[in-house]
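Same order as they appear, the protein sequences are chains A and B.
Mapping of the first sequence onto numbering that gives the first Met the number 0: position 152 corresponds to residue 151, and the numbering continues sequentially without gaps.
Mapping of the second sequence onto numbering that gives the first Met the number 0: position 66 corresponds to residue 65, and the numbering continues sequentially without gaps.
Yeah, the Cβ is synthetic: ideal placement off N, Cα and C, and Gly gets one too.
Notes for the one structure printed next.
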Amino acid sequence: MTVNLTERMKAWVEAMGCHLCVATPEGVPFVVLGRYAEVKTGGEVAFALAEDEAGVIAPVLSRNPRVAFGVSRQGGIRAAYQFKGTGELLRSGEIFDAVRARAKEEKGIDAGAVLLVRLTELYCTKPGYEAGLRLDGMTPEELDAWERQRWKDVPRKRN
Amino acid sequence: MVKFTKEMKEALRVPGKGGSLIYLCTSSRGGNPNIAAMRFVATHMDDKILIADMFLLKTKANIKENPNVAVTICHPLDEGRWWVFKGKAVDMEYGFPRDFDWYGANATDILNEWGNWNKAEPPDEVPPDIVFPKAVQRGVVVVHVEEVYSIEPGHVGEKVL
């Protein structure tokens with residue numbers, strides 16, 4: 000089932016970037032920043048990664064494609080969500096070329112790879128009774144209404 | 000052996016005291032990663048990170064089956080806090096044997112000092128639409144840090160400590 004994000008979620012992910020977490024099959028976690036992010040249709044998020052960032056997660060992803068990420072900076076508290084899915088490192092092709100070009104233009108990132116995450120799960124991480132609430136079972140309309148009851152703030156995009 | 004720098008110790012405190020919001024990254028034994036933001040953070044000795052166990056679910060389950068964790072700064076990043084702390088964690092819950100030891104950290108000491116964290120360091124800086132109505136602490140996660148690497152652009156993956 001496709002995991003659809005709200006416009007607000009999309010704005011936070013794209014404005015702040017994300018902390019990306021992967022783990023070896025033995026359960027050793029690794030983290031890098033996805034400083035440039037694009038939320039695509041169909042429940043996919045693309046992150047432009049510099050060569051050294053890709054170098055940390057590539058050996059892990061080749062053995063275990065699972066990825067979890069949360070929004071960076073103020074998004075860690077204002078956009079209280081955890082996104083999970085499977086990741087693929089792209090080093091060529093249409094998506095790679097387009098994301099790489101926009102990451103260079105908008106943030107000056109020399110991307111050596113693009114991590115494309117196909118989302119499979121979405122959780123609320125707001126502290127309290129809703130922590131851990133799974134949200135990806137909602138329809139897009141239900142999810143949008145659920146979020147609007149709680150938050151409406153949208154960040155400005157960072158340079 | 001890791002020894003935190005002054006800057007690291009200043010960063011690994013609650014945001015209201017000039018510290019940071021952090022991400023605690025865990026994994027199931029089978030490699031399913033999990034990432035969750037944490038506000039109650041402190042250091043202990045020169046190589047331990049403490050995090051309150053208040054609303055932990057998957058994080059808690061993961062630590063119980065797999066102690067490997069990574070801690071990183073979520074916000075603010077622009078103050079040079081580009082670190083990932085990797086190590087082994089235990090959740091020291093109430094009821095642990097009083098003499099339980101985790102790489103030199105004693106359960107009685109930890110729970111006596113940090114067992115009522117919400118009262119000691121209330122979340123005054125947390126926005127009202129985010130803050131929780133009632134804090135129920137079940138223990139303290141103690142991370143024994145074994146290595147630190149960088150996520151600073153241009154230096155990603157470099158060993159810091």
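Check: Kindly say whether Pro-64 (chain A), judged by its beta-carbon, lies nearer than 7 Å to any beta-carbon of chain B.; Outcome: no
Check: Under 9 Å between beta-carbons, which chain A residues line up against Val-13 (chain B)? List them in chain order, please.; Outcome: In chain order: nothing, as chain A lies at least about 12 Å away.
Check: Note down, in chain order, every chain A residue with its Cβ under 8 Å from the Cβ of Leu-56 (chain B).; Outcome: Ala-130, Gly-131
Check: What would DSSP say about Arg-7 (chain A), mapped onto helix, strand or coil?; Outcome: helix
Check: Do you know offhand how far Tyr-102 (chain B)'s Cα is from Ala-134 (chain B)'s?; Outcome: 28 Å
Check: Expressed to the nearest angstrom, what Euclidean distance is found between the alpha-carbon atoms of Glu-146 (chain B) and Glu-6 (chain A)?; Outcome: 38 Å
Check: Suppose contacts are defined by Cβ-Cβ distances below 7 Å. Is Ala-49 (chain A) in contact with Val-98 (chain A) by that definition?; Outcome: no
Check: Please report whether the beta-carbon of Phe-84 (chain B) lies at a distance below 7 Å from any beta-carbon of chain A.; Outcome: no
Check: For Cys-123 (chain A) and Phe-68 (chain A), which I take to be in contact (beta-carbon distance under 8 Å), what is that distance rounded to the nearest angstrom?; Outcome: 15 Å between Cβ atoms; not a contact.
Check: Can you tell which of A:Leu-89, A:Trp-11, A:Arg-149, A:Gly-54 has the C-alpha that lies nearest to the C-alpha of Lys-156 (chain A)?; Outcome: A:Trp-11
Check: So that I know if they touch, is there some Cβ in chain B lying closer than 7 Å to that of Asp-51 (chain A)?; Outcome: yes
Check: From the beta carbon of Gly-75 (chain A), is the nearest beta carbon of chain B less than 7 Å away?; Outcome: yes
Check: Alpha carbons only, please: which of A:Trp-150, A:Arg-72, A:Tyr-128, A:Met-0 is nearest the one belonging to Leu-20 (chain B)?; Outcome: A:Arg-72
Check: Anyone know if the C-beta pair for Ala-45 (chain A) and Val-113 (chain A) falls short of 7 Å?; Outcome: yes
Check: For Tyr-22 (chain B), would you say it is in contact with chain A, using Cβ-to-Cβ distances shorter than 7 Å as the test?; Outcome: yes
Check: Counting only runs of 4+ residues fully inside the segment 27-81 of chain B, write out the alpha helix (DSSP H) ranges in chain order.; Outcome: 57-64
Check: Can you tell me the Cβ-Cβ gap for Arg-117 (chain A) and Gly-42 (chain A), rounded? I've got them flagged as a contact below 8 Å.; Outcome: 6 Å
Check: To the nearest angstrom, report how far apart Ala-10 (chain B) and Glu-104 (chain A) are at their CA atoms.; Outcome: 32 Å
Check: Check whether the Cβ of Ala-41 (chain B) lies closer than 7 Å to any Cβ atom in chain A.; Outcome: no
Check: Give every residue of the same chain whose Cβ lies closer than 7 Å to the Cβ of Asp-152 (chain A), excluding the five residues on either side of it in the sequence, and list them in chain order.; Outcome: Arg-77
Check: With DSSP as the reference, label Asn-105 (chain B) as helix, strand or coil.; Outcome: strand
Check: Use the C-beta contact count for Tyr-22 (chain B): other C-beta atoms within 10 angstroms, 16 or more gives buried, fewer gives exposed.; Outcome: buried
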